[in-house]
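Take the sequence shown: its letter number 94 is residue 159 in the numbering used here, and every next letter is one higher. Even glycine gets a Cβ: it sits at the ideal position worked out from N, Cα and C. Remember, it's a predicted structure, so these values are computed and weren't measured experimentally. Since the structure comes first, as structure tokens, the remarks are kept for the end.
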Amino acid sequence: MKRIALACAASLALAGVALAGSASAQAGEGDAARGKSVYARCAACHDLNTGATRLGPSLKGVVGRTSGTMPNFNYSQALKDKAIVWDAASLDQFLAAPAKMVPGNRMAFPPMANAQDRADLIAFLAQSAR
Ligand code: HEC
């Protein structure tokens with residue numbers, strides 16, 4: 066009986082470690098090196114550094130920028146009116162559910178469900194979209 070109780074306590078402790086691990090991934094400790102490969106999904110539409118317009122606005126300096134303010138890009142009224150300051154939290158929310166956060170925006174890109182992909186991508190943008 067005593068042995069079973071001990072085994073139980075040990076597996077509870079292990080479960081606790083596993084939970085703590087996934088919680089920290091959700092909190093957004095991104096891996097920028099991995100994020101670079103996630104960015105391949107964005108690159109057809111978004112320049113990173115030169116300011117050039119592709120299908121979407123350049124993401125040059127996107128972290129800290131207000132939504133809808135890149136010159137020479139014809140934004141939706143929705144994205145301009147929203148005037149979100151792009152930071153790790155708002156980018157995470159937008160990428161997870163673009164249409165929910167900014168109804169009527171014109172970014173033709175599906176919600177990115179994987180929280181780790183988003184965290185890695187945002188770490189890469191913070192480092193490289195300058
Ligand atoms: C098919 C083209 C396309 C792809 C792929 C795409 N986007 Fe976009 N994105 C757009 C367009 C178009 C807009 C402008 C939407 C509007 O005006 O409503 C936009 C807007 C944005 C904005 C707001 C920019 C600003 O200046 O306010 C961010 C941030 C963004 N995209 C990030 C991303 C990221 C990160 C990815 C990759 C995971 C991605 N996008 C993939 C087309 C795309």
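Check	Outcome
Would you kindly work out how many angstroms separate the C-alpha atoms of Ala-90 and Asp-182, rounded to a whole number?	The predicted position of Ala-90 is uncertain, since its pLDDT is 43 and thus under 50; no value can be drawn from it.
So the alpha helix (DSSP H) Phe-159 belongs to, where does it begin and stop?	153–161
How many whole angstroms separate the CB atoms of Asn-137 and Thr-115, which I take to be in contact at a CB cut-off of 8 Å?	Wrong, their Cβ atoms sit about 12 Å apart, outside the cutoff.
Confirm the yes/no value for this check: CB of Leu-120, any heavy atom of the ligand HEC, distance under 7 Å.	yes
Taking all protein chains shown into account, decide if Val-150 is buried (16 or more other Cβ within 10 angstroms of its Cβ) or exposed.	exposed
Helix, strand or coil for Ala-180 per DSSP?	helix
Can you find the residues in the same chain that come closer than 7 Å, C-beta to C-beta, to Leu-113, ignoring five residues on each side of it along the sequence?	Leu-124, Lys-125, Ser-193, Ala-194
Under a three-way DSSP split, which group does Val-127 fall into?	coil
Nearest CA to the CA of Ala-184: which residue from Pro-168, Ala-164, Gln-158, Met-166?	Gln-158
The alpha helix (DSSP H) that contains Ser-102, what's its start and end?	97–103
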